[in-house]
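Chains as they are written, first to last, in this note's numbering: chain A, 386 to 585; chain B, 386 to 585; chain C, 386 to 585; chain D, 386 to 585.
Remarks on the structure that follows.
Protein chains: 4
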Amino acid sequence: MNKKQDIIQAAAHLFAEQSFEGTTTVQIAKAAKSTEPMIYYHFKGKDDLFTQILERASHEYFSRLKRLPGDTTTQFEKIANLISLHFYFVREMPNETYLIASTCPARLNDPASICKKIVEQQRFWLTDYLTICLEKGVREGEFQRVPVSPTVNIFIALLNGLMHQRGLGFEKVEGLREETITFCRRSLVKKEVTNRKRQP
Amino acid sequence: MNKKQDIIQAAAHLFAEQSFEGTTTVQIAKAAKSTEPMIYYHFKGKDDLFTQILERASHEYFSRLKRLPGDTTTQFEKIANLISLHFYFVREMPNETYLIASTCPARLNDPASICKKIVEQQRFWLTDYLTICLEKGVREGEFQRVPVSPTVNIFIALLNGLMHQRGLGFEKVEGLREETITFCRRSLVKKEVTNRKRQP
Amino acid sequence: MNKKQDIIQAAAHLFAEQSFEGTTTVQIAKAAKSTEPMIYYHFKGKDDLFTQILERASHEYFSRLKRLPGDTTTQFEKIANLISLHFYFVREMPNETYLIASTCPARLNDPASICKKIVEQQRFWLTDYLTICLEKGVREGEFQRVPVSPTVNIFIALLNGLMHQRGLGFEKVEGLREETITFCRRSLVKKEVTNRKRQP
Amino acid sequence: MNKKQDIIQAAAHLFAEQSFEGTTTVQIAKAAKSTEPMIYYHFKGKDDLFTQILERASHEYFSRLKRLPGDTTTQFEKIANLISLHFYFVREMPNETYLIASTCPARLNDPASICKKIVEQQRFWLTDYLTICLEKGVREGEFQRVPVSPTVNIFIALLNGLMHQRGLGFEKVEGLREETITFCRRSLVKKEVTNRKRQP
DNA sequence: CATGAATGAGATTTCATTCAT
DNA sequence: GATGAATGAAATCTCATTCAT
Numbered sequence: 386m387n388k389k390q391d392i393i394q395a396a397a398h399l400f401a402e403q404s405f406e407g408t409t410t411v412q413i414a415k416a417a418k419s420t421e422p423m424i425y426y427h428f429k430g431k432d433d434l435f436t437q438i439l440e441r442a443s444h445e446y447f448s449r450l451k452r453l454p455g456d457t458t459t460q461f462e463k464i465a466n467l468i469s470l471h472f473y474f475v476r477e478m479p480n481e482t483y484l485i486a487s488t489c490p491a492r493l494n495d496p497a498s499i500c501k502k503i504v505e506q507q508r509f510w511l512t513d514y515l516t517i518c519l520e521k522g523v524r525e526g527e528f529q530r531v532p533v534s535p536t537v538n539i540f541i542a543l544l545n546g547l548m549h550q551r552g553l554g555f556e557k558v559e560g561l562r563e564e565t566i567t568f569c570r571r572s573l574v575k576k577e578v579t580n581r582k583r584q585p
Numbered sequence: 386m387n388k389k390q391d392i393i394q395a396a397a398h399l400f401a402e403q404s405f406e407g408t409t410t411v412q413i414a415k416a417a418k419s420t421e422p423m424i425y426y427h428f429k430g431k432d433d434l435f436t437q438i439l440e441r442a443s444h445e446y447f448s449r450l451k452r453l454p455g456d457t458t459t460q461f462e463k464i465a466n467l468i469s470l471h472f473y474f475v476r477e478m479p480n481e482t483y484l485i486a487s488t489c490p491a492r493l494n495d496p497a498s499i500c501k502k503i504v505e506q507q508r509f510w511l512t513d514y515l516t517i518c519l520e521k522g523v524r525e526g527e528f529q530r531v532p533v534s535p536t537v538n539i540f541i542a543l544l545n546g547l548m549h550q551r552g553l554g555f556e557k558v559e560g561l562r563e564e565t566i567t568f569c570r571r572s573l574v575k576k577e578v579t580n581r582k583r584q585p
Numbered sequence: 386m387n388k389k390q391d392i393i394q395a396a397a398h399l400f401a402e403q404s405f406e407g408t409t410t411v412q413i414a415k416a417a418k419s420t421e422p423m424i425y426y427h428f429k430g431k432d433d434l435f436t437q438i439l440e441r442a443s444h445e446y447f448s449r450l451k452r453l454p455g456d457t458t459t460q461f462e463k464i465a466n467l468i469s470l471h472f473y474f475v476r477e478m479p480n481e482t483y484l485i486a487s488t489c490p491a492r493l494n495d496p497a498s499i500c501k502k503i504v505e506q507q508r509f510w511l512t513d514y515l516t517i518c519l520e521k522g523v524r525e526g527e528f529q530r531v532p533v534s535p536t537v538n539i540f541i542a543l544l545n546g547l548m549h550q551r552g553l554g555f556e557k558v559e560g561l562r563e564e565t566i567t568f569c570r571r572s573l574v575k576k577e578v579t580n581r582k583r584q585p
Numbered sequence: 386m387n388k389k390q391d392i393i394q395a396a397a398h399l400f401a402e403q404s405f406e407g408t409t410t411v412q413i414a415k416a417a418k419s420t421e422p423m424i425y426y427h428f429k430g431k432d433d434l435f436t437q438i439l440e441r442a443s444h445e446y447f448s449r450l451k452r453l454p455g456d457t458t459t460q461f462e463k464i465a466n467l468i469s470l471h472f473y474f475v476r477e478m479p480n481e482t483y484l485i486a487s488t489c490p491a492r493l494n495d496p497a498s499i500c501k502k503i504v505e506q507q508r509f510w511l512t513d514y515l516t517i518c519l520e521k522g523v524r525e526g527e528f529q530r531v532p533v534s535p536t537v538n539i540f541i542a543l544l545n546g547l548m549h550q551r552g553l554g555f556e557k558v559e560g561l562r563e564e565t566i567t568f569c570r571r572s573l574v575k576k577e578v579t580n581r582k583r584q585p
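Rendered as structure tokens:
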């Protein structure tokens, strides 16, 4: 179980850095301090290795999404949690995040690929989660009167952009998570409410 | 000059869909209804073809950035223009946008690649543009007191996310551009200012 | 069209000598005085090359079978013709004959293989041809009262055995074709008839 | 001694079905419900396993040949016995028969292989046996005046064809053995003799 | 006897690139 | 400009064999 993990780690790293096709099995073997046949001992092939990496990563990602608390006092807290989750995920699994956000969209044409499944599931889940938040928040007067559907998409784009941090050199920026949340709060939450909360 | 264009178009499309490494010269030739040797007649090689596509695209992108008006009445207008520019660019050159946003980050390790140049230049330019906007806007009381550096990065992430529309299935969403601008305005521009502007 | 023929020739020879799996593409390329990629230029792969060889061979074989004259004066002539045909075929296309007779039966488990098709077609055709001959010959008093079905199978076994000459070292045996025919005539054709024919 | 037998059985079956080269040690191990290292515990290697299978089979085959009664009343009985022997052998050891008849001829080029030994020995033995039978039978007036050498080869071809039953779908044909003998008797044995034998 | 893991050698296949025409 | 054929280099994958336990 040791070598297999090494291979997965090495491959995830290389796939994220060089793309799936741009990474050779020799490179993976070398990076994992193993040999090519070992890859084929543990995996059915390069595709399978890729699939397993993405399956692990997406499993972790979606299980985190599902574990998000449903009983927050405000709707915005839910959105803040969602943003934080993505920041933490990027930090803990940078390679995997990058694979999901970047490699997957490029592979949507192959319907057999897990990529299609992941991207669709992610889109569906985020849309669902955000739609409910926004509708409730607007209805209950917590949020401004924003049009739900486009706003949902703006959030998805933002989260997706944040998942690309690795390629954008955001690692060193301090306080980005908190500020992203604040940025969104200012846009969504009604002024009066915010002020009242902060003033006392 | 006809065939060359065909090749560029075909290649841009395939590179965006399958990544650079995942696309073969045979595929390009076939998609361009031409032959492999023709590719080598017009380009030095696959790398050169890729480079030329990105050069054209980035040239267009940066020249649009540079043509952004510098004499707007408000700072937010500048930001709105920047957002709009990205929406228009994505719509007009979807493949190229995708290449810049998605393929490039994966190729930052190769220092010879234009990718590095483009990504760095883009990051530099956007940072510069947004920093000036935000500092001025904050200083002049148009914007709320946002911390400049993180906010700049949030914008970059958002723009980057928007450039991935192709992979996110945003094509059908109506009014996304306008709503993105509104979303950012609500977050940045001081209420009083906005209200004053709109009320009279 | 030159190199392609060379490859086919070389491959047919090697496949017959060493079996399909026992023959490597390097060997084929070398024997054809060509290179491995050339094989893949002309054929989809080793399987395809094998398939094309067998298709050519079986096409030739079956078209010869179909060209057998139907208007012979005696039924035995038909059988003699069938035997001769196999001798000539073995002599002209020894490798291909060997492939059909020897490689094919070993590949009957793969239903996608042409092998299955060829073997079944051959069996069907020979059975048909021989059954008609024998039934007619028996009915008309030319042949002795032989049970048709087993006799058909004996002929098929005999023809199959003759197709293995290459592996049995029969090349040098003189007069084998004629004697095979005579052997079968003696067994099938009624004495009186034979005598009458020969005596006058 | 249990596992070793399992391996031999599994290997014989697979070799017959897929050829030696087309069968992998993993397949053998799996089919024998054992593991690869077990194969190497019992055999020196794949070659050795193959050799042992063929040695057993050919030993059994040749010892049956040698046990054929030499004191029959007629020469044709000897031939009938030879034919029967092959039928029984095929039925009892179908895989092994197939290996001898089909795999061996394809491996005649490798002089180290037992295949060469078996094929040559078989050919030699059958030629010897049949030649003596035929010469004696002709000389003593039991047989018609057939040319010995070609007729020997016809028999060898026929026996060889019968050994391929497995690949020809003869399993279901009833009475094939008896009819094969009758077929040959009619061709060889003088009418008068036959009649005399049968009439009283 | 038994097995999971490992490996060197080599087989099949792909691909960017070029040559001859 | 254009193309069919060719090729060197390398990528993916397989497999007989062995090691450590």
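Yeah, the Cβ is synthetic: ideal placement off N, Cα and C, and Gly gets one too.
Computed from a predicted structure; not experimentally measured.
Segment contact flag, the region 561 to 579 of chain D with the region 567 to 577 of chain C, C-beta cutoff 8 Å, min 3 pairs: yes
Inter-residue spacing [alpha-carbon to alpha-carbon] between B:P532 and A:E559: The residue you call residue 532 of chain B lines up with position 147 of the second sequence. The residue you call residue 559 of chain A lines up with position 174 of the first sequence. Rounded to whole angstroms, B:P532 to A:E559 spans 11 Å at the Cα level.
Partner residues on chain A for B:E365, Cβ-Cβ distance less than 9 Å: In this structure chain B extends from 386 to 585, so residue 365 of chain B is not present and cannot be described.
Residue interval of the alpha helix (DSSP H) (run including C:H444): Taking the first residue of the third sequence as 1, we reach residue 444 of chain C at position 59. Segment K431 to R452, the alpha helix (DSSP H) holding C:H444.
D:K582 burial status per 10 Å Cβ neighbour count (16 or more: buried): As a working note, residue 582 of chain D is residue 197 in the fourth sequence. Confidence at D:K582 is low in this model, with a pLDDT of 44, below 50, so its placement is unreliable and no value can be given for it.
B:L553 vs B:F472 beta-carbon contact at 9 Å: Here residue 553 of chain B is taken as the residue at index 168 of the second sequence, counted from 1. Here residue 472 of chain B is taken as the residue at index 87 of the second sequence, counted from 1. The answer is no: Cβ separation not under 9 Å.
Whole runs of the alpha helix (DSSP H) within the region 463 to 539 of chain B, excluding any shorter than 4 residues: 479 to 483 and 499 to 524
Test item: CB-CB of C:Q403 and D:A491 under 9 Å: Against the third sequence, residue 403 of chain C aligns to sequence position 18. Against the fourth sequence, residue 491 of chain D aligns to sequence position 106. It is a contact, given that the beta carbons lie within the stated cut-off.
Near-chain D residues of the region 523 to 553 of chain C - C-beta to any C-beta below 8 Å: Q529, V531, P532, S534, P535, T536, N538, I539, I541, A542, L543, L544, N545, G546, L547, H549, Q550, R551, G552 and L553
B:C518 at chain A interface by Cβ criterion, 9 Å: On the second sequence, position 133 is the one that residue 518 of chain B refers to. Residue contact with chain A for B:C518: absent (no Cβ-Cβ distance below 9 Å to any residue of chain A).
Residue span of the alpha helix (DSSP H) that contains D:T567, given as start and end: Numbered from its first residue, the fourth sequence carries residue 567 of chain D at position 182. Segment L561 to L573, the alpha helix (DSSP H) holding D:T567.
Cβ-heavy atom distance, B:V574 to the ligand ADP, below 8 Å: In the structure on display, the ligand ADP does not appear, and there are no ligands present to speak of.
Short CB-CB distance (under 9 Å) between C:K576 and chain D: Within the third sequence, residue 576 of chain C is the residue found at index 191, counting from 1. True, the Cβ-Cβ gap to chain D drops below 9 Å.
Cβ neighbour criterion (16 or more within 10 Å) applied to D:H444: Here residue 444 of chain D refers to the residue found at position 59 when the fourth sequence is read from its first residue. D:H444 should be labelled exposed.
Interface residues of the region 454 to 481 of chain A facing chain B [CB-CB below 8 Å]: If the cut-off is 8 Å between Cβ atoms, the region 454 to 481 of chain A has nothing near chain B.
Spatial distance of C:Q506 from D:F555 (CA atoms): As a working note, residue 506 of chain C is residue 121 in the third sequence. As a working note, residue 555 of chain D is residue 170 in the fourth sequence. Each residue's Cα considered, the two are about 15 Å apart.
7 Å CB neighbourhood of A:N387 in its chain, flanking five on each side removed: Against the first sequence, residue 387 of chain A aligns to sequence position 2. Result list for A:N387: empty, nothing under 7 Å.
DSSP-derived helix/strand/coil call for D:F400: Taking the fourth sequence and counting its residues from 1, one reaches residue 400 of chain D at position 15. Three-state result, D:F400: helix.
Endpoints, alpha helix (DSSP H) assigned at A:H549: Residue numbering aside, residue 549 of chain A sits at position 164 when the first sequence is read from its first letter. That residue, A:H549, is in no alpha helix (DSSP H); it is neither H nor E in DSSP.
Cβ pair C:A442, C:T410 closer than 9 Å: Looking up residue 442 of chain C in the third sequence gives position 57. Looking up residue 410 of chain C in the third sequence gives position 25. Contact: no.
Straight-line Cα distance separating B:I503 from A:M478: Taking the first sequence and counting its residues from 1, one reaches residue 478 of chain A at position 93. Taking the second sequence and counting its residues from 1, one reaches residue 503 of chain B at position 118. About 26 Å.
Assigned exposure category for A:G430 - 16 Cβ within 10 Å defines buried: Translated into the one-based positions of the first sequence, residue 430 of chain A becomes position 45. A:G430 comes out exposed.
Where A:F568 meets chain B, residues with beta-carbon distance less than 7 Å: Within the first sequence, numbered from 1, the residue matching residue 568 of chain A stands at position 183. Near A:F568 (Cβ distances below 7 Å), the residues of chain B are T536, I539 and S572.
Proximal chain A residues relative to B:F555, where beta-carbon distance stays under 9 Å: One-based indexing of the second sequence puts residue 555 of chain B at position 170. N538, I541 and A542, listed in chain order.
Of the residues D:A401, D:K418, D:F400 and D:L399, the one placed nearest D:D391, counting alpha carbons only: For the purposes of this step, residue 391 of chain D is taken as residue 6 along the fourth sequence, with counting starting at 1. Looking at the Cα atoms, D:K418 is the closest of the given residues.
Distance, A:I485 Cα to A:L439 Cα: Position 54 of the first sequence, counted from the first residue, corresponds to residue 439 of chain A. Position 100 of the first sequence, counted from the first residue, corresponds to residue 485 of chain A. So the two alpha carbons sit approximately 7 Å from each other.
Under the three-state DSSP convention, the category D:T420 falls into: By 1-based counting over the fourth sequence, the position of residue 420 of chain D is 35. D:T420: coil per DSSP, three-state reduction.
Under 7 Å by beta carbon: chain C residues contacting D:T512: One-based indexing of the fourth sequence puts residue 512 of chain D at position 127. Those within 7 Å of D:T512 in chain C number zero; the least Cβ separation is about 10 Å.
Buried versus exposed, by CB contacts within 10 Å (16 or more), A:N494: Taking the first sequence and counting its residues from 1, one reaches residue 494 of chain A at position 109. Per the 10 Å Cβ criterion, exposed.
Assigned secondary structure, A:F555 (DSSP; H/G/I helix, E/B strand, else coil): The residue you call residue 555 of chain A lines up with position 170 of the first sequence. Reduced to three states, the DSSP call for A:F555 is coil.
Contact set between B:G560 and chain A, taken where Cβ atoms lie within less than 9 Å: Translated into positions along the second sequence, residue 560 of chain B becomes position 175. The answer, in chain order, is P532, S534 and P535.
9 Å Cβ cutoff met for A:A414 and A:E406: Your numbering for residue 414 of chain A matches position 29 in the first sequence. Your numbering for residue 406 of chain A matches position 21 in the first sequence. Going by C-beta atoms, A:A414 is not nearer than 9 Å to A:E406.
Rounded straight-line distance, which links the Cα of B:L511 to that of B:L519: Working through the second sequence from its first residue, we reach residue 519 of chain B at position 134. Working through the second sequence from its first residue, we reach residue 511 of chain B at position 126. Approximately 12 Å between the Cα atoms of the pair.
C-beta atoms of A:N545 and B:N545 nearer than 9 Å: If you number the first sequence from 1, residue 545 of chain A lands on position 160. If you number the second sequence from 1, residue 545 of chain B lands on position 160. A contact, by the Cβ cut-off of 9 Å.
Inter-residue Cα distance where the pair is D:E564 and C:P535: Indexing the fourth sequence from 1 puts residue 564 of chain D at position 179. Indexing the third sequence from 1 puts residue 535 of chain C at position 150. Between the C-alpha atoms of D:E564 and C:P535 there is a straight-line separation of about 7 Å.
Partners in chain A for B:P490, counting only beta-carbon separations shorter than 9 Å: Taking the first residue of the second sequence as 1, we reach residue 490 of chain B at position 105. Near B:P490 (Cβ distances below 9 Å), the residues of chain A are Y483, S487, H549, R551, G552 and L553.
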